[in-house]
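S.K.: Supplied in structure tokens, the structure appears directly below.
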Amino acid sequence: MKKIISIVASVLASCAFASAQQALGPGTGLVSPEINPDHSVTFRYNNPKAITVSVAGDCIEGRVPGGDGMAAMTQGKDGIWTYTTKPLEGELYSYSFIVNGQKTYDPSNVYLKRDVASYTNYFTLSVEKYDKGYWYEVHDTPHGSVSKVWYNSPSLGGTNRRLTVYTPAGYEDSKEKYPVLYLLHGSGGDEDAWSDLGRTIQILDNLIAEGKAKPMIVVMPNGVYFNSSAPGYTVNMFQPTMLNSRSDSTKEIEESFPDIIKFVESRYRVLKGKNYRAVAGLSMGGRQSCALSLAHPDTFGYVGMFSGVVPPSSQEDEARYAAVFKNAPKLYWMGVGSADGVKANYDKERAFLDSKGYKYEYYESDGGHIWRNWRVYLTIFAQKIFK
Numbered sequence: 022m023k024k025i026i027s028i029v030a031s032v033l034a035s036c037a038f039a040s041a042q043q044a045l046g047p048g049t050g051l052v053s054p055e056i057n058p059d060h061s062v063t064f065r066y067n068n069p070k071a072i073t074v075s076v077a078g079d080c081i082e083g084r085v086p087g088g089d090g091m092a093a094m095t096q097g098k099d100g101i102w103t104y105t106t107k108p109l110e111g112e113l114y115s116y117s118f119i120v121n122g123q124k125t126y127d128p129s130n131v132y133l134k135r136d137v138a139s140y141t142n143y144f145t146l147s148v149e150k151y152d153k154g155y156w157y158e159v160h161d162t163p164h165g166s167v168s169k170v171w172y173n174s175p176s177l178g179g180t181n182r183r184l185t186v187y188t189p190a191g192y193e194d195s196k197e198k199y200p201v202l203y204l205l206h207g208s209g210g211d212e213d214a215w216s217d218l219g220r221t222i223q224i225l226d227n228l229i230a231e232g233k234a235k236p237m238i239v240v241m242p243n244g245v246y247f248n249s250s251a252p253g254y255t256v257n258m259f260q261p262t263m264l265n266s267r268s269d270s271t272k273e274i275e276e277s278f279p280d281i282i283k284f285v286e287s288r289y290r291v292l293k294g295k296n297y298r299a300v301a302g303l304s305m306g307g308r309q310s311c312a313l314s315l316a317h318p319d320t321f322g323y324v325g326m327f328s329g330v331v332p333p334s335s336q337e338d339e340a341r342y343a344a345v346f347k348n349a350p351k352l353y354w355m356g357v358g359s360a361d362g363v364k365a366n367y368d369k370e371r372a373f374l375d376s377k378g379y380k381y382e383y384y385e386s387d388g389g390h391i392w393r394n395w396r397v398y399l400t401i402f403a404q405k406i407f408k
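Residues 22 to 408 (the numbering used here) are what the sequence shown spells out, left to right.
So, in structure tokens, the structure goes:
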């Protein structure tokens, strides 16, 4: 009898476990967000007991430049809260729900992105071919590969550090050698930032497939000397990097970056020499790109600074700039938003470059210090290099 009871209990436990597994899917059963035929977007949230529900994001009317708008959602008789935007342009949009005054995620949308320590839902929308959203979406084209690899940095005490590396479609099946773009994140970011927030893989896949960019390898390092990798991939606790001094954000990478180049050129099939190397970055990474060009004037043939530059402040700095342009970079490119707080540095930089007759390209967009701009700058810059 005890044996029978034991068997029954075991069966019931197995059924309960199976039921618990099934409860993990298939999600809420709601479609949210839903992109409508007129390119408006409908959000849905099921919470009959909620008192107030709003949706906040850069797809909502009334947003301030570089910020979010907010709109109240309406509850139906079925308890489901809904809100529909006006028709939207092609773009990658972020949003969150505000339930009874507390931020939460859309449980119907599995797509989340992390920016430093903040998470939001997102979706992509493309209205027509070659609009912004088109480059950020996955299309039926040949796809490159993404690897998370570790290298040793003698310049930083022999630490092992993590890189994100994109290799273009066909790399594994060929013997061809490729140029390399070194792509640097901003303060608070890490080696996952450009691939997750910047849509680097989708942008490069699409540009290369359309013949608008040369096939290239993209190396995305961790640019903070005291963090070897993104949160969860190192034995140390993640240390926020938003308040770095110049020493923390640029000096160490000037000294240690040759370790990265040496590793990449020994492990991957790459074309060597400055005309096959590009460096670019956003915010702190833009300052780092500028500083790297000054510290190693004969290393990079293409330099891109997205919302971050290091204007000269001394005769020594001016001499370093002279060495850069003596080596005649093929492209010295700067991009910044008209409402970006760092634009004043770009005004100083351009005034200096103009006074010396140094050749550069400048692109000014709307908006401020935001990923919406940096994705655009990468899309433009990638089409100009290695041509």
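Ideal Cβ positions, reconstructed from N, Cα and C, are used throughout, including at glycine.
Quick caveat: nothing in here was measured; it's all calculated off a predicted structure.
#1: Give me the Cα-Cα distance between G253 and G165, rounded to the nearest whole angstrom.
#2: Whose C-beta lies closer than 8 Å to the C-beta of R371 among residues of the same chain, with five residues either side of it excluded?
#3: Which partner residues does V300 have in the DSSP bridge list?
#4: Can you round the beta-carbon distance between Y116 and N142 to whole angstroms, since I take them to be within the 8 Å contact cut?
#5: By DSSP, does I56 sit in helix, in strand, or in coil?
#6: Return helix, strand or coil for T221, following the three-state DSSP convention.
#7: Determine the direct distance from the alpha carbon of I224 to that of P163, and round the result to whole angstroms.
#8: Going by the beta-carbon positions, is the gap between L51 and N68 smaller than 7 Å?
#9: Specify, as a first and last residue, the run of the alpha helix (DSSP H) that N142 falls within.
#10: In angstroms with no decimal places, state the Cα-to-Cα distance between V331 and A71.
#11: Roughly how many angstroms separate the alpha carbons of L264 and M305, rounded to a whole number?
#12: Using a 10 Å radius around the Cβ and a threshold of 16 neighbouring Cβ atoms, would you call Q309 buried or exposed?
#13: Hey, how far is the Cα of G294 from the Cα of L202?
#14: DSSP on K98, reduced to helix/strand/coil?
#15: Ordered along the chain, which non-local residues of its own chain (more than five positions away) have a Cβ less than 8 Å from that of E82?
#16: In the DSSP assignment, find the unbroken alpha helix (DSSP H) run with K364 in it and report its ends.
#17: Under 8 Å: do the stretch 114-132 and the stretch 141-159 share three or more Cβ pairs, one atom per stretch?
#18: Helix, strand or coil: how does DSSP classify S115 here?
#19: Assuming contact is defined by CB atoms lying nearer than 7 Å, are P242 and P189 in contact in what I supplied?
#20: Just the C-alpha distance for V378 and A214, rounded to the nearest angstrom, thanks.
#21: Would L313 pass as a contact of P200 if the rule is Cβ separation under 7 Å?
#22: By how many angstroms is the C-alpha of F373 removed from the C-alpha of D319?
#23: Short check: CB of N394 to CB of G362, under 7 Å?
#24: Straight-line CA distance for L184 to V285?
#25: Starting from V285, trace the alpha helix (DSSP H) both ways and give me its first and last residue.
#26: Per DSSP, what kind of secondary structure is K136 in: helix, strand or coil?
#27: Report yes if the CB atom of G219 is closer than 7 Å to the CB atom of D152, and no otherwise.
#28: Cα separation between S174 and D280?
#29: Can you look up P318 in the DSSP assignment and give me helix, strand or coil?
#30: Taking DSSP as the reference, what is the three-state secondary structure of P409?
#31: Out of G88, T73, T95, which one is the CA nearest neighbour of T63?
#32: Name the residue from A349, D127, K150, L109 whose alpha carbon lies nearest to the alpha carbon of Y140.
#33: Which one or two residues does DSSP pair with S174 in a beta bridge?
M.R.: Let me spell this out:
#1: Going by the C-alpha atoms only, they are around 25 Å apart.
#2: So the qualifying residues of the chain are M355, Y381, Y383.
#3: Residue pairing by DSSP places V300 opposite Y203, V324 in a beta bridge.
#4: At roughly 6 Å, the Cβ-Cβ gap stays under 8 Å, so Y116 and N142 are in contact.
#5: Strand, per DSSP.
#6: T221 sits in a helix when the DSSP states are folded into three classes.
#7: Near 12 Å, if we compare the C-alpha coordinates of I224 and P163.
#8: Result no, Cβ atoms of L51 and N68 do not sit closer than 7 Å.
#9: Careful: N142 lies outside any alpha helix (DSSP H), inside the beta strand (DSSP E) at 139-146.
#10: Approximately 50 Å between the Cα atoms of the pair.
#11: Note that L264 scores a pLDDT of 47, beneath 50, so its modelled location is shaky and nothing firm can be said.
#12: Buried, by the Cβ-count rule.
#13: If you take the alpha carbons of G294 and L202, they lie about 12 Å apart.
#14: Annotated three-state conformation of K98 is coil, per DSSP.
#15: Same-chain partners within the cutoff: G90, A92, T106, K107.
#16: Counting along the chain, the alpha helix (DSSP H) containing K364 begins and ends at 364-377.
#17: Output reads yes: the stretch 141-159 touches the stretch 114-132.
#18: In this structure, DSSP gives S115 an extended state, which the three-state scheme calls strand.
#19: Against a cut-off of 7 Å, the Cβ pair of P189 and P242 comes out as no contact.
#20: According to the sequence displayed, residue 378 carries Gly and not Val. Using only the alpha carbons, I get a separation of about 35 Å.
#21: A distance of 7 Å or more separates the beta carbons of L313 and P200.
#22: If you take the alpha carbons of D319 and F373, they lie about 21 Å apart.
#23: Contact check for N394 against G362 fails: the beta carbons are separated by 7 Å or more.
#24: Looking at the two C-alpha atoms, the distance is approximately 10 Å.
#25: 273-288 is the extent of the alpha helix (DSSP H) around V285.
#26: Checking the sequence, you will find Asp at residue 136 rather than Lys. In this structure, D136 counts as strand in the three-state DSSP scheme.
#27: No.
#28: If you draw a straight line from the Cα of S174 to the Cα of D280, it comes to about 6 Å.
#29: In this structure, P318 counts as coil in the three-state DSSP scheme.
#30: In the structure displayed, the chain extends from 22 to 408; residue 409 sits before or after that span and is not available.
#31: Looking at the Cα atoms, T95 is the closest of the given residues.
#32: In terms of CA proximity to Y140, D127 leads the group A349, D127, K150, L109.
#33: Bridge partners of S174: T180.
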